[in-house]
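Peer 1: Each residue of the sequence shown is one higher than the last, beginning at 2 in my numbering.
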Amino acid sequence: MKHTFTKFHEKSMEDRKAAVFAFSQLNEEAKSLYCNSEYDQLSDQLVENAIGVMEIPLGVAVNFVINDIERVIPMATEESSVIAAASHGAKLARSLGGFHAQVDGSYMFSQIHIVHVQDPYAAKVKILHHRDELIGLANQEDPILQQLGGGAYDITVRAQEDPSSLVVHLHVDTLDAMGANAANTMAEKIAPRIEEITSGEARLKIISNLADRRIVRVYCEVQHEQLGGADVVDRIVQACDIAKRDPYRAATHNKGIMNGIIPIVLATGNDTRAVEAGLMHMLVKVSTTHH
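#1: Would the segment 207 to 221 count as touching the segment 91 to 105 if we require 3 or more Cβ pairs under 8 Å?
#2: Since V223 and A94 are thought to touch, with beta carbons under 8 Å apart, how far apart are those beta carbons, to the nearest angstrom?
#3: Can you list the alpha helix (DSSP H) stretches of 4 or more residues lying completely in the segment 48 to 112, in chain order?
#4: Could you check where the alpha helix (DSSP H) with V266 kicks off and where it finishes?
#5: Is it true that the CB of I74 sits closer than 9 Å to the CB of V61?
#6: Among the candidates F22, Q148 and K8, whose CA atom is the shortest distance from the CA of I52?
#7: Measuring CA to CA, which of H254, Y122 and T273 is closest to S200?
#8: Assuming L176 and H114 are in contact, meaning their beta carbons sit under 8 Å apart, how far apart are those beta carbons, in whole angstroms?
#9: In terms of DSSP beta bridges, what is T157 paired with?
#10: DSSP on H291, reduced to helix/strand/coil?
#11: Do you know whose CA, among N28, A251, S38 and V118, lies nearest I348's CA?
#12: Would you identify the three-state DSSP class for G152, choosing helix, strand or coil?
#13: For G150 and A188, what's the separation of their Cα atoms in angstroms?
#14: Under the DSSP definition of a beta bridge, which residues are partnered with I208?
#15: Do the segment 134 to 145 and the segment 251 to 265 make contact, defined as three or more Cβ pairs closer than 8 Å?
#16: One question on the structure: do Y35 and K18 come within less than 9 Å of each other, judged by their Cβ atoms?
#17: Are D280 and I265 close, meaning C-beta to C-beta below 9 Å?
#18: Since I believe H172 is in contact with A153 (beta carbons under 8 Å), could you give me their beta-carbon distance rounded to a whole number of angstroms?
#19: C221 to L228, Cα distance in whole Å?
#20: Where do the ends of the beta strand (DSSP E) carrying Y122 lie?
#21: Would you say V83 and N260 are within 9 Å of each other, going by their C-beta atoms?
#22: Per DSSP, what kind of secondary structure is R194 in: helix, strand or coil?
#23: Please report the distance separating the alpha-carbon of D69 from that of A85.
#24: Among the candidates L267, A268 and L284, whose CA atom is the shortest distance from the CA of A251?
#25: Take D143 as the anchor and find which of N182, I128 and G99 has the nearest alpha-carbon.
#26: Here's the rule I'm using: 16 or more other beta-carbon atoms within 10 Å means buried, otherwise exposed. How should T78 be labelled?
#27: Sort out for me which residues DSSP pairs R218 with in a bridge.
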């Protein structure tokens, strides 16, 4: 039976809009919100079933000094007060030298999950014996990344709870890139060879977004008086302690943290979902470790 959206992806953007308008029974005022944009053609190339572009306000947070360098921070968000709060916080930190940041590096894992392995521990030894071969094979997929100083550089293997499976981690230095494309193609490249080595079958061959080797650590100092005195500072500390104990408070506490993170990720054209997913599982990892 045909319906309004039969072969919807094959329609032009204008025809898709017309189909959506008819289906939703939008009035003329609502339709006018979907006016044509100069980026319609680009959006049609980037996503499926595109009907337009949703614009997000772009602002800049100021007053930031990071590692003794003045910075202007781009932030894309629809929520008021976020950029103002970031700028105010930076102004408070500025008086005592600003922010001091360190980064572990730009290291990501590409995972190859192997199943139907008769002896996982013997298979692990075999894989590590072929370590250099596998790394060289992976780097064939992105020679430019290697020329720039990045690329695959190590392999680790972990046994799983399932006694007939294991997971291979290909360590990749992705430099300034998020690295999904490079890490994924490298995993797909070496998976058949790992199958030969282990006599197992490769299932997942994909990047992990738990970027626990790519952590940025930042600290600053703020005087009590700048925050309203010792009593206000104590209340802030108490609020943090409550969030550690109460998951309902923690969710909103973390939402406030993400208010500052996601606008920067979005403004710089990076993957907001990857950052959110990695943070979520990092919190689970920390919670499990502490309990």
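Positions of the beta carbon are idealized from the N, C-alpha and C atoms, including for glycine.
Peer 2: The short version:
#1: yes
#2: Locating residue 223 in the sequence shown gives position 222, where the first residue counts as 1. Locating residue 94 in the sequence shown gives position 93, where the first residue counts as 1. Indeed they touch by this definition, with Cβ atoms about 6 Å apart.
#3: 83 to 95
#4: By 1-based counting over the sequence shown, the position of residue 266 is 265. Element bounds for V266: P248 to A268.
#5: Here the question's residue 61 lines up with position 60 in the sequence shown. Here the question's residue 74 lines up with position 73 in the sequence shown. In this structure, I74 lies closer than 9 Å to V61 by Cβ.
#6: Here residue 52 refers to the residue found at position 51 when the sequence shown is read from its first residue. Measuring from the Cα of I52, the nearest candidate turns out to be F22.
#7: Here residue 200 is taken as the residue at index 199 of the sequence shown, counted from 1. Looking at the Cα atoms, Y122 is the closest of the given residues.
#8: As a first step, residue 176 must be located in the sequence shown, where it is residue number 175. As a first step, residue 114 must be located in the sequence shown, where it is residue number 113. The pair is not a contact, with the Cβ atoms about 26 Å apart (cut-off 8 Å).
#9: For the purposes of this step, residue 157 is taken as the residue at position 156 of the sequence shown. In the DSSP output, where bridge partners are listed per residue, T157 has H170.
#10: Here residue 291 corresponds to residue number 290 of the sequence shown, with the count starting at 1. Only weak support exists for where H291 lies, its pLDDT of 49 falling under 50; the value from the coordinates is given anyway. Helix.
#11: This structure leaves residue 348 out entirely; the chain is present only between 2 and 292.
#12: Translated into the one-based positions of the sequence shown, residue 152 becomes position 151. Three-state DSSP puts G152 in a strand.
#13: Numbered from 1 along the sequence shown, position 149 holds the residue referred to as residue 150. Numbered from 1 along the sequence shown, position 187 holds the residue referred to as residue 188. The alpha-carbon atoms of G150 and A188 are separated by roughly 19 Å.
#14: Here the question's residue 208 lines up with position 207 in the sequence shown. Per DSSP, S111.
#15: no
#16: On the sequence shown, residue 35 is found 34 positions in, with the first residue counted as 1. On the sequence shown, residue 18 is found 17 positions in, with the first residue counted as 1. In this structure, K18 lies closer than 9 Å to Y35 by Cβ.
#17: Here residue 280 corresponds to residue number 279 of the sequence shown, with the count starting at 1. Here residue 265 corresponds to residue number 264 of the sequence shown, with the count starting at 1. What sits at residue 280 in the sequence shown is Leu, not Asp. Their beta carbons are not under 9 Å apart, which means L280 does not touch I265 by this criterion.
#18: For the purposes of this step, residue 153 is identified with residue 152 of the sequence shown, where counting begins at 1. For the purposes of this step, residue 172 is identified with residue 171 of the sequence shown, where counting begins at 1. Confirmed, Cβ separation roughly 7 Å.
#19: Locating residue 221 in the sequence shown gives position 220, counting from the first residue. Locating residue 228 in the sequence shown gives position 227, counting from the first residue. In a straight line, the C-alpha of C221 is about 14 Å away from that of L228.
#20: Here residue 122 is taken as the residue at index 121 of the sequence shown, counted from 1. Taken as a continuous stretch (DSSP letters only), Y122 belongs to no beta strand (DSSP E), being part of the alpha helix (DSSP H) at P121 to H130.
#21: Counted from its first residue, the sequence shown places residue 83 at position 82. Counted from its first residue, the sequence shown places residue 260 at position 259. Yes.
#22: Here residue 194 corresponds to residue number 193 of the sequence shown, with the count starting at 1. In the structure shown, R194 sits in a helix (DSSP, three-state: H, G or I).
#23: Start at 1 with the first residue of the sequence shown, and residue 69 comes out as number 68. Start at 1 with the first residue of the sequence shown, and residue 85 comes out as number 84. Each residue's CA atom was taken as its position, placing D69 and A85 some 22 Å apart.
#24: The residue labelled residue 251 in the question sits at position 250 within the sequence shown. Of the candidates L267, A268 and L284, the one whose C-alpha sits nearest the C-alpha of A251 is L284.
#25: Against the sequence shown, residue 143 aligns to sequence position 142. Ranking N182, I128 and G99 by Cα distance to D143 puts N182 first.
#26: Locating residue 78 in the sequence shown gives position 77, where the first residue counts as 1. T78 should be labelled buried.
#27: Here the question's residue 218 lines up with position 217 in the sequence shown. Looking at the DSSP assignment, R218 forms a beta bridge with Q103.
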